[in-house]
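Read the structure below first, then the notes.
Okay, here's the thing in structure tokens:
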């Protein structure tokens with residue numbers, strides 16, 4: 001019976017035998033997390049993440065949104081209960097303290113995500129307890145002792161096992177796409193490519209493009225002038241505002257010339273030397289000359305030959321020629337006049353080529369008015385491109401410079417552009433001198449009979465006095481969006497900024513569109529998107545002066561471009577009409593087709609691909625007319641140039657202004673918007689597709705056709721000569737056949753990759769396959785680089801700055817459709833040994849490039 005003073009019986013004391021036979025007391029240990037938190041005494045603050053987000057996208061702290069009650073539940077802290085349990089189980093605490101627990105700092109680094117997971121059990125306070133007591137007795141033979149378990153060895157074994165598990169996990173991750181590209185792509189958020197394309201197209205704002213152009217055309221901005229510098233600064237700030245990386249303001253010192261005030265005159269003089277008429281003129285090459293006036297049609301070599309046949313002496317005369325015709329390059333027109341003995345040259349726009357003959361003239365219409373003057377650079381871009389004093393190297397401070405005297409890229413006679421209104425007075429003055437011009441020489445100026453003139457024609461004075469600066473600063477502006485998989489590989493996007501006057505169409509429309517494209521990609525960056533490869537945007541200066549800005553930059557970055565540039569996408573004049581045009585390397589055929597399928601012309605109610613295919617569906621060849629020249633012909637970077645054209649416009653004149661574009665050129669900026677969509681989508685095609693969408697099949701087909709055309713053209717030239725030339729196209733024919741075979745095998749790899757990754761792999765790409773893919777892309781991009789003739793003295797004869805064996809200018813032509821320029825120049829010169837030598841060299845390089853695929 002219990003004692004009345006005592007509620008409970010005294011605890012019975014077991015005997016020695018009973019004590020040995022009984023099991024040890026069961027210990028109910030505390031949950032690890034609870035005890036760990038109590039041992040630390042407080043919740044350590046997590047360290048700042050080493051990945052910093054844009055302030056506007058920084059994620060809020062999850063715990064900041066919990067009220068006090070939720071906070072307690074989230075942490076799972078019931079401190080009173082913990083203290084009571086700990087006091088009852090001191091022995092357990094001592095045993096746990098013997099273990100090597102993590103330092104408090106390691107707990108402090110626990111991620112918020114980890115806290116959420118570990119707190120689930122605490123939040124729901126789940127306690128598991130066996131509903132009955134276990135009292136096991138283990139009988140051991142007499143003298144047998146259970147082995148003593150060393151806790152430290154158990155801990156060591158557990159750690160080794162953990163390390164093994166971690167190594168296995170890392171191996172699995174390494175063999176997956178995580179390290180081959182996935183982890184880099186996770187640097188930005190993961191976006192569905194189709195959603196990105198849709199977003200890009202929908203974000204293009206034609207009103208924003210219009211505002212851009214209005215600002216760009218507020219003042220004239222010739223290269224190297226104050227207006228050019230201010231505009232360059234604005235573009236630089238615009239790039240920074242739209243989150244481009246590494247925005248750079250790069251300066252080069254180049255040869256430029258500017259007209260002096262009052263230093264330009266075209267005057268008709270009487271017999272006493274008095275001025276009887278003066279023209280409203282602009283500038284070109286410097287000089288002050290006087291001579292009889294002779295009309296020479298378009299100023300081609302064939303046109304000047306007529307004077308030899310007619311016995312008209314052209315030595316010392318002033319040539320009057322018109323723009324356009326088969327020879328569209330003003331510099332080559334003037335050089336031909338110089339070689340024909342003329343001492344000066346005047347160029348005008350005839351209305352039969354671009355004027356009232358076709359329709360309304362500016363500012364109400366799209367054609368050149370009576371007072372319109374078309375300005376052009378007159379350097380010989382097909383002899384030296386870029387700064388004519390530093391051919392082949394960049395015009396940086398301290399660079400060596402050659403003399404401008406007897407420079408192969410400069411004409412040696414003065415020249416000036418005129419309006420057809422002024423040309424009418426000159427043509428009227430030589431009526432009755434020389435002979436009536438051939439019918440094909442006659443233009444569209446009213447009441448003019450187009451006589452040729454001769455050495456007895458009225459004398460004309462041509463004055464063009466200029467300041468010539470050998471080290472004039474110009475400014476390129478560049479910015480990039482770094483890629484996450486192949487940061488060193490780049491897709492370059494460019495447009496020139498300088499203009500002869502206001503330049504609404506050329507280049508303002510292109511600059512306005514590029515600014516909109518930059519804004520759109522800046523929006524993507526703001527949302528966390530990044531491309532696989534780096535996108536580099538470039539605003540070039542001094543394009544109108546012999547493509548100087550882009551060429552000097554290419555020369556300054558030549559080795560890197562040949563190694564890492566995937567593509568160059570250029571827009572000069574974005575919109576001058578409504579017909580989409582595209583010229584460039586055939587490798588872009590597939591991507592152009594894909595992009596044009598996604599865009600449409602709202603006025604014609606057809607997709608761009610339908611309209612383009614109705615006109616032949618062919619990518620035209622590149623000439624030497626814009627900033628792609630140095631990339632394609634010197635660096636071997638596959639290049640593309642595009643825009644909307646199809647009709648004449650008041651090119652390079654004061655009428656090419658914002659008001660003309662807004663009311664006549666592209667009211668509503670519809671075609672500006674479409675081009676922005678095309679440009680942005682092409683950038684995505686080449687910077688963000690896993691497999692570079694270069695069309696090697698189209699390249700093979702084009703190359704085959706080019707060789708056939710070359711052979712036909714050369715044989716016709718041979719027949720017109722003596723028909724006994726030792727011309728052979730065989731080496732090129734063999735090279736083309738090899739390339740066709742190699743390209744077919746090369747293309748099959750992409751088909752297999754698609755089958756593995758998207759067919760049976762569910763979009764999964766192993767590290768080995770990813771490396772093969774990147775190598776495949778590199779070999780495609782390097783194909784045109786391997787077509788460069790980089791041997792000493794290699795390239796096109798007499799202008800070895802141009803290295804590409806397929807693309808480049810001929811000596812007397814800048815036509816877009818001419819390929820194999822070195823061979824064609826040799827055939828034109830009837831030098832068949834040199835022609836065959838170039839055939840052999842071209843075939844060797846094509847075979848070499850083909851094998852490297």
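Numbering (full-length UniProt numbering), first residue to last: 1 to 853.
Here a beta-carbon is modelled for each residue, glycine too, at the ideal position from N, C-alpha and C.
By DSSP, does residue 108 sit in helix, in strand, or in coil?
Here the model assigns residue 108 a pLDDT of 38, short of 50, so the residue's position is not dependable, and the following value carries that caveat. Reduced to three states, the DSSP call for residue 108 is helix.
Is the Cβ-Cβ distance between residue 648 and residue 358 less than 8 angstroms?
yes
Residue 704 - DSSP class collapsed to helix/strand/coil:
helix
Start-to-end residues for the alpha helix (DSSP H) that takes in residue 511:
509 to 526
Continuous beta strand (DSSP E) assignments of at least 3 residues falling wholly in the segment 693 to 781:
none
If contacts are defined as beta-carbon pairs under 8 angstroms, then residue 267 and residue 673 qualify, I think. What distance do you get, rounded to the angstrom?
Actually they do not touch by this definition, with Cβ atoms about 48 angstroms apart.
Environment of residue 744 [buried if 16+ CB atoms lie within 10 Å]:
exposed
Thinking C-beta only, is residue 535 closer than 8 angstroms to residue 584?
no
Please name the residue in 850, 198, 192 and 851 whose C-alpha comes closest to that of residue 520.
198
Rounded straight-line distance, which links the Cα of residue 497 to that of residue 53
Since pLDDT at residue 53 reaches only 34, below the 50 mark, its modelled position is unreliable, and the value read off the structure follows with that caveat. Going by the C-alpha atoms only, they are around 34 angstroms apart.
Using C-beta distances below 8 angstroms, list every residue in its chain close to residue 410, excluding the 5 sequence neighbours before and after it, in chain order.
285, 379, 380, 388 and 404
Comparing alpha-carbon positions, which option in 833, 774, 362 and 386 lies nearest residue 656?
362
Is residue 792 buried or exposed, if buried means 16 or more other CB atoms sit within 10 Å of its CB?
exposed
Range of the contiguous beta strand (DSSP E) that encloses residue 416:
415 to 418
Is DSSP giving residue 333 helix, strand or coil here?
helix
Cβ neighbours of residue 72 in the same chain (closer than 8 angstroms, five flanking residues each side left out)
Residue placement at residue 72 is flagged as unreliable, the pLDDT there being 41, under the threshold of 50; the coordinate-derived value follows with that caveat. There are no such residues.
To test your reading of the DSSP string, which unbroken alpha helix (DSSP H) runs of 4 or more residues are found completely within the segment 260 to 325?
301 to 310
Considering only residues of the segment 182 to 223, which uninterrupted alpha helix (DSSP H) runs meet the minimum length of 4 residues and lie entirely inside it, listed in chain order?
193 to 203 and 206 to 216
Given residue 444 as reference, the closest of 204, 352, 170 and 588 once Cα atoms are compared:
352
Give me the Cα-Cα distance between residue 782 and residue 525, rounded to the nearest whole angstrom.
29 angstroms
Local Cβ density within 10 Å of residue 343, reported as buried at 16 or more and exposed below that:
buried
Within the continuous alpha helix (DSSP H) that includes residue 613, where are the two ends?
608 to 614
So the beta strand (DSSP E) residue 474 belongs to, where does it begin and stop?
459 to 481
Where does residue 855 sit, in a helix, a strand or coil, going by DSSP?
Residue 855 cannot be examined here, being either before or after the span of the chain that is shown, 1 to 853.
Three or more C-beta pairs below 8 angstroms linking the segment 471 to 487 and the segment 529 to 549:
yes
Let me know the secondary structure DSSP gives residue 549 once reduced to three states.
helix
Residue 230 versus residue 248: straight-line alpha-carbon distance, rounded:
15 angstroms
Give me the Cβ distance between residue 395 and residue 238, rounded to the nearest whole Å; I'm assuming they're in contact under 8 angstroms.
About 26 angstroms separates the two Cβ atoms, so there is no contact after all.
Min CB distance residue 538 to chain E below 8 angstroms
The structure shown has no chain E; it contains just one protein chain.
Starting from residue 847 and walking both ways along the beta strand (DSSP E), at which residues does that stretch end?
First-last for residue 847: 832 to 851, but that is the alpha helix (DSSP H), not the beta strand (DSSP E).
Inter-residue Cα distance where the pair is residue 160 and residue 152
12 angstroms
Helix, strand or coil: which one does DSSP assign to residue 534?
strand
Where DSSP assigns a beta bridge to residue 248, which residues make up the other side?
478
Anticipated Cβ contact below 8 angstroms, residue 452 with residue 312, distance rounded
6 angstroms
Output yes or no for whether 8 angstroms exceeds the beta carbon distance between residue 843 and residue 731.
yes
Within 10 angstroms of its Cβ, does residue 602 collect 16 or more other Cβ (buried), or is it exposed?
exposed
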